[in-house]
Amino acid sequence: MQYLLVRGGKQTTVKKATVLLPCVNLAPQKGQGYGFDPDCTACQLFGNLCVLHDYTGEVCDRYETLVDTSVGNPVNGNSDWPAYMPWLFYNKKNAGEAPDILDKKEITKTFERNEDIKFLLVVYTLNGFFVGYENGLDSIQICKERPSKMASASKFATTYKSSCSVPVDDLKNMSMFLYDMFIVLGDKIYPVPVLMENYVSGNEKVNENSDRTKWQLTRRFFVVDNKIGIRPESKELEFIRYSSKIEVNIRLRSSDGEIYPPMLRIRYEPLAVKDKAKSSIEMSFAVTYEMDLTKIKKDTEIAIGCLSALAVILAFIKVSAWRRRQGRIEVDAASFLKFILFCFSTFSTMLFWVAFGLSMSFLIFFKRQKTVSQLLPTQSQEGLFLKVVVVVIVFKIIDVLHMLWSQISFEIFFIDWERPQGRVNQPTQGGEGGGLDAPVSIWRTLFIANEWNEIQTIRKINPELQIFVVLFFLKVFGFEYLATTDPQSNFSADYTTEYVGEFSKVLRFAVLSMLFLAVEAVQWFFFAFIYERFFGDSLGDFIDLCSMSNVSIFVLENTRYGYYIHGRSVHGRADTNMWQMNEQLKREEDDLCGRRGLEPNTERQTFEMEVPAKFREQYEEIIRPLRDGNVQQQRRNMPNTPMGQDGRPSRLPVAVEKRLQAYNTLNRFLSAFIDHSLKDLDYLVRDKLLFERILNMELKEVPPPDKAIFYNDDGRSFNSILFYGNEWTLMFFDLLVFAAMDLIYPNFVFAGVMAYLFSKGLTIARNTLGRKNLTRKTLVDERFLI
10 MQYLLVRGGK QTTVKKATVL LPCVNLAPQK GQGYGFDPDC TACQLFGNLC VLHDYTGEVC
70 DRYETLVDTS VGNPVNGNSD WPAYMPWLFY NKKNAGEAPD ILDKKEITKT FERNEDIKFL
130 LVVYTLNGFF VGYENGLDSI QICKERPSKM ASASKFATTY KSSCSVPVDD LKNMSMFLYD
190 MFIVLGDKIY PVPVLMENYV SGNEKVNENS DRTKWQLTRR FFVVDNKIGI RPESKELEFI
250 RYSSKIEVNI RLRSSDGEIY PPMLRIRYEP LAVKDKAKSS IEMSFAVTYE MDLTKIKKDT
310 EIAIGCLSAL AVILAFIKVS AWRRRQGRIE VDAASFLKFI LFCFSTFSTM LFWVAFGLSM
370 SFLIFFKRQK TVSQLLPTQS QEGLFLKVVV VVIVFKIIDV LHMLWSQISF EIFFIDWERP
430 QGRVNQPTQG GEGGGLDAPV SIWRTLFIAN EWNEIQTIRK INPELQIFVV LFFLKVFGFE
490 YLATTDPQSN FSADYTTEYV GEFSKVLRFA VLSMLFLAVE AVQWFFFAFI YERFFGDSLG
550 DFIDLCSMSN VSIFVLENTR YGYYIHGRSV HGRADTNMWQ MNEQLKREED DLCGRRGLEP
610 NTERQTFEME VPAKFREQYE EIIRPLRDGN VQQQRRNMPN TPMGQDGRPS RLPVAVEKRL
670 QAYNTLNRFL SAFIDHSLKD LDYLVRDKLL FERILNMELK EVPPPDKAIF YNDDGRSFNS
730 ILFYGNEWTL MFFDLLVFAA MDLIYPNFVF AGVMAYLFSK GLTIARNTLG RKNLTRKTLV
790 DERFLI
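As structure tokens, this is what we get:
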């Protein structure tokens, strides 16, 4: 068997043990300098001693002297490989040339995914005897596994890591060898440089720095040294030196599967044998891969810049719409704060798609490539991706809190259109009988308020089912195994018989996001096109219920912008018995009555509305007693006992009496406004322009001070103040909490449970705070909201 040794573009044929022959005799010959040693072991021994001294000290100085005085041309023209001597150093006298060695483009072989990398180890004993050649990396893997697992270390593009605890007694009895490492490229072999982290130059461990220009590359290494520490007198082993870390690093050079010269990185640790506190030590072996991600990083930064600019534009559009709806003319601190909050929303969405696209590109190209063109980022290279994900998570949490605040602080009122049915006789304060309007039942309003409370947190998907299905695909169908660092695209793994790579954070995010979005899309499609059409439409049913209850809903999300749900009954009244109720429904089916729409002969019942400042002023004046919480102050200002609606003294507290009066006044005011009965306030009904619908903002001039505008709404836009209309925001929140928990503790089941708890907590908070807002704004007792 023979190999061609390649170095510096030159090659020579080497056979068997002649790689490091001939050798120089360390004993100088009289008058002739250094002679030749026929058995070629003395020079190897001397080189081994230099290696055991971490390539420094008097022994290595002596080695360099021998190199300088040796006679003969360098092997293969390689100035680093002296004639008749073992090759120990790269560019010993020319510091800063490590990058040139590691970046050479002499290896032109194209590697494919899972192709076997053929490593060759030239083995020597401590005293310099040549043992032979060994193929593969098994000899330098102290942590022994099944042969099928250990063979994975030589599979191209498979990031291999193993670690174990080795008993000290095993190290004491282990055979000691030294190795020169090569990689076999067809009929050629190429030397693998060694970076020993213990190397010291000028009192500095230069090989531990990230600055490659300071590195000193070497050639020979050992795994365990249990010979030098033997005391000559007692012949007892006092200390051992062992390799706590061995790492073979391979860098991809081009998209055609070409590589730079591999490098072996090794660290040695001393161990006192008499140290009883250490009965075992930790050792690790790894084969890592990396590639230059400068172009990918640059492309990612460009995408972040472009989408960030788009996010700022969208945030500006949102804040412009908000300022108009709030009636703000000048740019104030509130506008700036709102702009920042909108930026959190838009940035989180845009940056999520950057992170998702980046992670999916790694997943697809790494797992499906044949000729290796892309590798996974190393832990140090994952920095940009992880920063983007963390920013997305934090921004989305702020966005959800902003959404929650908006949904628990809007104005809402239930307009009761029911009119008294007849009059009743009741005694007045003077004892005389009098006729009063029959009271209108409040139960219809309470019923609508209770239904509104229930629809506040309904969603277009089922969060529990969402998380369960995602976990089912991850754990049962084995999609989680797509996130391993090996290039296999398997959906199962047997840890007892084969090597399974570690999980990559980038790939875990890609697999999780892909499944989460897919399940969300399926649920949304089923809900929108099947369930809502054939089984039940919660919002549509609620609007129908408002019409049957003769109750409309008036909502002001902003100071001068809100929504209106027209629930006025076409039959004039809804407080009736079961017989009459069914007759009314039958009349509607037979088209024997008017239609439910706000305008005559229309069915449209939901509207967006923009009200003038004058309307808001009157509205605030009426609801002021509803906002006044100082009951004692009101009592001091009301020395006389208030009268109830029936003309008798009221037993209610003064504050409650004032609030009830404000409630009745507001009900009459809004009813008159909807009926066009106010001379100084009226409204127009019109359609939104296409561009206005796309941007979700009003572009026409501000309405006149006595005119409101009702925009026809075919999409039930009032759902924006409910969970129902914010499904994308909530979906991203669930997904990102899932991903955040997985980054903290890589376990999909744990992350899924935590995502469910966060989602449930958000729902409980929205329901609790929304209920309090509903009670405060509509005067509905919270005890009726079940």
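For the sequence shown, counting from 1, position 475 maps to 484 in this note's numbering; every step adds exactly one.
Backbone N, C-alpha and C fix where the C-beta goes; we use that ideal spot for every residue, glycine too.
Quick caveat, the model's predicted, so the values are computed rather than measured.
- S370 sits in a helix when the DSSP states are folded into three classes.
- In the DSSP annotation of this structure, the continuous segment of the beta strand (DSSP E) that includes A295 starts and ends at 289-300.
- F98 is a Cβ neighbour of T227, given a cutoff of 8 Å.
- Among the bridge pairs identified by DSSP, P176 is matched with S289.
- As the crow flies, the alpha-carbon of D112 is around 7 Å from that of P270.
- Straight-line measurement puts the Cα of Q150 at about 14 Å from the Cα of Y508.
- The shortest CA-to-CA distance from I275 to any of E256, R260, S289, D284 is the one to E256.
- Within 10 angstroms of the beta-carbon of F486 lie fewer than 16 other beta-carbons, which makes it exposed.
- The C-beta of N676 has 16 or more other C-beta atoms within 10 Å across all chains shown, which makes the residue buried.
- In this structure M159 is buried. Its beta-carbon is surrounded by 16 or more other beta-carbon atoms within 10 angstroms.
- Every unbroken stretch of the beta strand (DSSP E) spanning 3 or more residues and falling wholly within the stretch 75-162 is given here in chain order: 127-133, 139-144.
- Of all C-beta pairs linking the stretch 235-247 to the stretch 203-219, fewer than three are shorter than 8 Å, placing the two stretches out of contact.
- Cβ neighbours of L739 within its own chain (closer than 7 Å, five residues either side excluded): R468, F732.
- The beta carbon of K347 sits closer than 6 Å to those of V328, W331, all from its chain and outside the five residues before and after it, given in chain order.
- Rounded to whole angstroms, I349 and V401 show a C-alpha spacing of 15 Å.
- Our two residues, E592 and E460, have alpha carbons roughly 24 Å apart in a direct line.
- DSSP places R668 in the helix class (H, G or I) of the three-state scheme.
- Looking at L679, K697, Y720, D723, the one whose alpha-carbon comes closest to that of D425 is L679.
- Residue pairing by DSSP puts T227 in a beta bridge opposite F98, V203.
- Under DSSP, E278 forms a beta bridge with Y251.
- Annotation for K781: the continuous alpha helix (DSSP H) segment containing it runs 757-787.
- Counting only the Cα atoms, E791 lies some 7 Å from K781.
- Cβ neighbours of V321 within its own chain (closer than 7 Å, five residues either side excluded): C352.
- Counting along the chain, no beta strand (DSSP E) covers R221, and no H or E run does either.
- Taking all protein chains in view, the Cβ of S389 is surrounded by fewer than 16 other Cβ atoms within 10 Å, so the residue is classified as exposed.
- Across the set Y572, T585, G105, the C-alpha of T585 shows the shortest separation from the C-alpha of M557.
- In the DSSP annotation of this structure, the continuous segment of the alpha helix (DSSP H) that includes G392 starts and ends at 392-416.
- If you ignore the 5 residues before and after R596, its C-beta comes within less than 8 Å of the C-beta of H580, C602, all in its own chain and listed in chain order.
- At a Cβ-Cβ threshold of 8 Å, A748 and F518 count as neighbours.
- L246 has I239 as its beta-bridge partners, per DSSP.
- By the neighbour-count criterion, in which 16 or more other beta carbons inside 10 Å mark a residue as buried, M750 falls on the buried side.
- For F719, the enclosing beta strand (DSSP E) has its first and last residue at 716-721.
- A straight-line Cα-Cα distance of about 9 Å links R334 and E566.
- Bridge partners of F512 according to DSSP: T493.
- Counting along the chain, D691 sits inside the beta strand (DSSP E) bounded by residues 691-695.
- About 12 Å separates the beta carbon of V201 from that of K127, a gap too long to meet the 8 Å contact definition.
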